[in-house]
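Asks: Counting along the sequence shown from 1, when you hit position 98 you're at 726 in the numbering used here, and nothing is skipped either side.
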Amino acid sequence: MKKLEGKIALITGGNSGIGLATAQLFKDEGAKVIVTASSLSTFDKAKAELGAHFDVIQADVSKTADLDRLMDTVKQKYGGLDVLVANAGIANFLPTTEITEDFYDRMMNINVRGLFFTVSKALPLLRKGSSVILTGSSISIKGMPGGSVYAATKAAVRSLARTWSTEIPPSQTRFNVLAPGPTETPIFSKAGFTEEQQKGFYDQILTTVPAGRMAKSEEMAKAALFLATSDSSYVVGTELFVDGGISQI
Ligand code: NAD
């Protein structure tokens, strides 16, 4: 028996990196997987590449009208949700003195506001026994030069899992955070780093990772599968660090 047979899963940002690896594993485990692409241009690409395997819906999580349309579509097509992975996010780094209001607002609007309204608007759709996985980061409990706003967004995500776990009975929906460490995905190339800057950034991070390597997205997907299924039935409101020990040792 597959672990997610007959389940409906929605993964925001499921067309790239950790979200895509999670979508693939959930599909292999029998789920019907809906993934979002943020813009119309990424939607066309995602639809062409992934449309045969997943239901691809365009939704920018920082736009509440997009989230309303997304949840309406999910309700009409599937009736409800068993798993929600609120994964869409960006990671930009700058020293505090160089951070503009636009930089700050964009990070908060996608990583915190976007995740908040993704979950709040999905709540009426979540079936009894459902699981919500919030993609956080090991940086939620670490200091790192240039990471002030990004780390603050992920600390907020961690906090939301605690509050939601008190507002909604775990027998109805369990909320947990998956906190990846440095993982090989396109996220930092999208942050405007040159290849050389990206290499320098990774080399510097790797000196702090006990496991001595970056993670693969598939390693995050396996942890997400654990949180999505009844294998984690007694795991509530936690922050599961899958980070090669970076935050723990
Ligand atoms: P990625 O860039 O491959 O994936 C991010 C996804 O989020 C993409 O699908 C992107 O389109 C989507 N997204 C971005 N802005 C959006 C918006 N406004 N609306 C809708 N979707 C939007 O990167 P990834 O590394 O797979 O990141 C996934 C999550 O993992 C993020 O929340 C990130 O903060 C977190 N994370 C990543 C790492 C890492 O090292 N890669 C480490 C810790 C946490």
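Ideal Cβ positions, reconstructed from N, Cα and C, are used throughout, including at glycine. For clarity, every value in this text was computed on a predicted model and none was experimentally measured.
Pull the bridge partners of PHE803 from the DSSP assignment, please.
Replies: VAL760
Asks: What beta strand (DSSP E) runs, 3 residues minimum, are completely inside the stretch 780–862?
Replies: 801–808
Asks: By how many angstroms is the C-alpha of GLN704 removed from the C-alpha of THR724?
Replies: 45 Å
Asks: Restricting to Cα atoms, I'd like to know which of MET842, GLU812 and THR801 is closest to VAL863.
Replies: Answer by Cα proximity: THR801.
Asks: With distances taken from CA atoms, which of THR640, PHE816 and LEU753 is nearest TYR706?
Replies: Comparing Cα positions, the closest option is LEU753.
Asks: Assign LYS660 to one of three DSSP states: helix, strand, or coil.
Replies: strand
Asks: Select from PRO810, PRO814, ARG790 and TYR732 the residue whose C-alpha is nearest the C-alpha of SER776.
Replies: TYR732
Asks: For LEU722, which residues from the same chain have a beta carbon less than 7 Å from its beta carbon, with the 5 sequence-adjacent residues on both sides left out?
Replies: PHE731 and GLY774
Asks: Have a look at GLU846 and GLY872 and give me their C-alpha separation to the nearest angstrom.
Replies: 14 Å
Asks: With a cut-off of 8 Å, do at least 3 Cβ pairs link the stretch 674–686 to the stretch 707–717?
Replies: no
Asks: Kindly confirm or deny that the stretch 634–642 and the stretch 654–662 touch, where touching means at least three C-beta pairs closer than 8 Å.
Replies: yes
Asks: Which residue from THR763, ARG741 and ASN720 puts its Cα closest to that of LEU648?
Replies: THR763
Asks: Assign VAL689 to one of three DSSP states: helix, strand, or coil.
Replies: coil
Asks: Report whether the distance from the Cβ of ILE639 to the nearest heavy atom of the ligand NAD is below 7 Å.
Replies: no
Asks: Assuming the contact rule is C-beta atoms closer than 8 Å, THR781 and MET736 should be a hit. Round their C-beta distance to whole Å, please.
Replies: 6 Å
Asks: Determine whether the Cβ of LYS635 lies closer than 8 Å to any Cβ atom of chain B.
Replies: Here there is only one protein chain, and chain B is not present.
Asks: Note down the Cα distance separating THR857 from LYS631, rounded to an integer number of angstroms.
Replies: 7 Å
Asks: Quick check on DSSP: helix, strand or coil for PHE869?
Replies: strand
Asks: With distances taken Cα to Cα, identify the nearest neighbour of GLY641 among GLU729, ASP700, THR746 and LYS660.
Replies: THR746
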